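K.L.:
To start, I am sharing the structure in question, which I have written as structure tokens.
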Amino acid sequence: MSGEKDLQILLKSMKPEHNSGDYVFCKVEKLGNLNLYEVEMFFKEKEAITLILKKEIADKLNLEYSMTMSWITLSVHSSLEAVGLTAAFSKALSDKGISCNVVAAFYHDHIFVGKKDTEKAMQILNAF
């Protein structure tokens, strides 16, 4: 199944779930000896490899990061071809002064917000 494409259905049926823990974005030159089971997500860019992982793992590996974030998953199976979902929730968050970093994976959209904004972000996302 390729997921839902209708924006109105997506907005009405999305259920944000706060994943417990503190998460950080780090960069490395190579994956090397990293245990990929400790990495939640990674993305290879031309400048470096971005890692998203739990803060305690980054601390254990002595990786630098600039802020601690919360991870919210939209539990609706959105299609990669869906139009407007990211724009709708990112605008709603930005209208309230909340920055978000979004990862669209095969089944779900994942939103990373500053730790201090978690409760407010969840309220905004649940309002849809």
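Heads up: the sequence shown begins at 8 in the working numbering, then just goes up one per residue. Note that beta-carbon positions come from the ideal geometry of N, C-alpha and C, so glycine has one too. Remember, predicted model here, so these are calculated numbers, not experimental data.
From Glu-11 to Gly-91, what does the alpha carbon distance come to, in whole angstroms?
P.N.:
Locating residue 11 in the sequence shown gives position 4, where the first residue counts as 1. Locating residue 91 in the sequence shown gives position 84, where the first residue counts as 1. Roughly 12 Å separates the two Cα atoms.
K.L.:
Consult DSSP for Met-129 and reduce its assignment to one of helix, strand or coil.
P.N.:
As a working note, residue 129 is residue 122 in the sequence shown. In the structure shown, Met-129 sits in a helix (DSSP, three-state: H, G or I).
K.L.:
Which of the three DSSP states, helix, strand or coil, is assigned to Thr-75?
P.N.:
Translated into the one-based positions of the sequence shown, residue 75 becomes position 68. Here Thr-75 sits in coil by DSSP.
K.L.:
By the three-class DSSP mapping on this structure, what secondary structure does Glu-45 have?
P.N.:
Within the sequence shown, numbered from 1, the residue matching residue 45 stands at position 38. Three-state DSSP puts Glu-45 in a helix.
K.L.:
Considering only the beta carbon of each residue, do Lys-122 and Thr-80 sit closer than 8 Å?
P.N.:
Along the sequence shown, read from residue 1 onward, the residue named residue 122 stands at position 115. Along the sequence shown, read from residue 1 onward, the residue named residue 80 stands at position 73. Not closer than 8 Å, so no.
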